[in-house]
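Novice:
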Amino acid sequence: MRVLWFSLWIWLLGAGLARADGVKVAVAANFSQPLAAIAAAFHRDMGHTISASAASTGKLYAQIKHGAPFEVLLSADDEIPARLEAEGLGVPGSRFTYATGALLLWSPAATVVDAKGQALRQPGVGKIAIANPKLAPYGRAAQEALTALGLFEAMKSRLVMGENIGQAFQFVVSGNAEMGFVAASQVMQDGKLKSGSAWAVPANLYAPILQDAVLLQPGRHSPAAQALMRYLREPAARAIIQSYGYQ
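Printed below as a string of structure tokens:
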């Protein structure tokens, strides 16, 4: 009987260790806050932990190309995951859209940005932060919106460019820019604006920001990585994603 109980204890210990696997995630800067909330729910529901590195999608792509051992990429677009699959760095057939991003013009001051975006046309408007359009899909979306409004060329000298959407957001928070084009997820929670004033940029002014996830080759045989890919489609994760302003 003692041997039987000892064997059962060893089995349970092994099962517990299997449940406590970690997954290394490369995450686009705009999704870092939602991922933190998802990580807590994922650990609670599945027993796995998430170790995340946030940066612009372009920078994450370069790191993956140079051998960074990420197991899952949560991109800010659908192009980079497709490219990684084509290059053999992503697991074929694993890619899917986990969120559709929304672009806001935002200021931490309550009266700076109006609900129709006319703040962009006001005389004396100061610096405006955007993410680098060459590296960050939200920066590209901001450039597309300004171009569609006929404002991009006139505003070039007033644009403060961040490496990613996280840095663009910090430029506004720190006062280095009066307002900025940010991801809804950075300033919204539970479906509401957390602070300041904002204009929801109409979706017809920029190409849809389809944010895809892809399982990377280092995570091909990882139970935790595979579990995270499934969990992102579950109601618990979907509710968190939507609460941060994603469609």
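The sequence shown begins at 112 in this note's numbering and counts up one residue at a time.
The beta-carbon is built from N, C-alpha and C at its ideal position, and this holds for glycine as well.
Just so we're clear, the structure is a prediction, and the values are computed from it rather than from any experiment.
#1: Can you tell which of A336, R349, Y342, R344 has the C-alpha that lies nearest to the C-alpha of S162?
#2: Is there contact here, the segment 317-327 with the segment 215-233, by at least three beta-carbon pairs under 8 Å?
#3: Just checking, does the segment 301-309 make contact with the segment 249-269 on the three C-beta pairs under 8 Å criterion?
#4: Taking 8 Å as the cut-off, decide whether the C-beta atoms of G273 and N243 are in contact.
#5: Where does S285 fall in DSSP's three states?
#6: Hey, out of V183, R206, G178, whose CA is closest to E190's CA?
#7: Nearest to S306 by CA position, among L316, N287, V283, is which residue?
#8: Under a three-way DSSP split, which group does L260 fall into?
#9: In three-state DSSP terms, what is I181?
#10: For Q254, collect the residues of the same chain with a Cβ closer than 8 Å to its Cβ; drop the 5 residues on either side in sequence, then sort them by chain order.
#11: For G169, count the other beta carbons within 10 Å of its own beta carbon; 16 or more makes it buried, fewer makes it exposed. Which is it?
#12: Quick check on R331: buried or exposed, where buried means 16 or more other Cβ atoms within 10 Å of its Cβ?
#13: For a quick check, are the C-beta atoms of L215 and A311 less than 8 Å apart?
#14: Hey, G212 and A140 are a contact pair by Cβ (cut 8 Å); roughly how many whole angstroms apart?
#15: Starting from S296, trace the alpha helix (DSSP H) both ways and give me its first and last residue.
#16: Sorted by chain position, which residues of the same chain lie with C-beta nearer than 8 Å to I175's C-beta, five sequence neighbours on each side aside?
#17: Can you give me the C-alpha to C-alpha distance between F280 and H159, rounded to a whole angstrom?
#18: If W217 and A309 are in contact, beta carbons under 8 Å, what's the gap, nearest whole angstrom?
#19: Leaving aside the five residues before and after E345 along the sequence, list all residues of the same chain whose C-beta is less than 7 Å from its C-beta, in chain order.
Specialist: Reading it off the structure:
#1: For the set A336, R349, Y342, R344, the Cα lying nearest the Cα of S162 is the one of A336.
#2: The count of Cβ pairs closer than 8 Å, one atom from the segment 317-327 and one from the segment 215-233, stays below three, leaving the stretches out of contact.
#3: Touching, no.
#4: Closer than 8 Å, so yes.
#5: Coil at S285, not helix or strand.
#6: Ranking the options by Cα distance to E190, first place goes to R206.
#7: It is V283.
#8: Here L260 sits in coil by DSSP.
#9: Sequence inspection shows Phe at residue 181; the Ile mentioned does not correspond to that position. Coil.
#10: Result list for Q254: I241, P244, F263, in chain order.
#11: Residue burial annotation: G169 is buried, with at least 16 other C-beta atoms found within 10 angstroms of its C-beta.
#12: For R331, the number of other beta carbons within 10 angstroms of its own is below 16, and it is reported as exposed.
#13: Contact check for L215 against A311 passes: the beta carbons are separated by less than 8 Å.
#14: G212 to A140, Cβ: 11 Å. No contact.
#15: Note, S296: alpha helix (DSSP H), 295-298.
#16: So the list reads A137, F181, L184, L195, L200, L327, once near-sequence residues are dropped.
#17: Near 30 Å, if we compare the C-alpha coordinates of H159 and F280.
#18: The Cβ separation is near 4 Å, so the contact holds.
#19: Counting only Cβ-Cβ distances below 7 Å, and skipping sequence neighbours, we find nothing.
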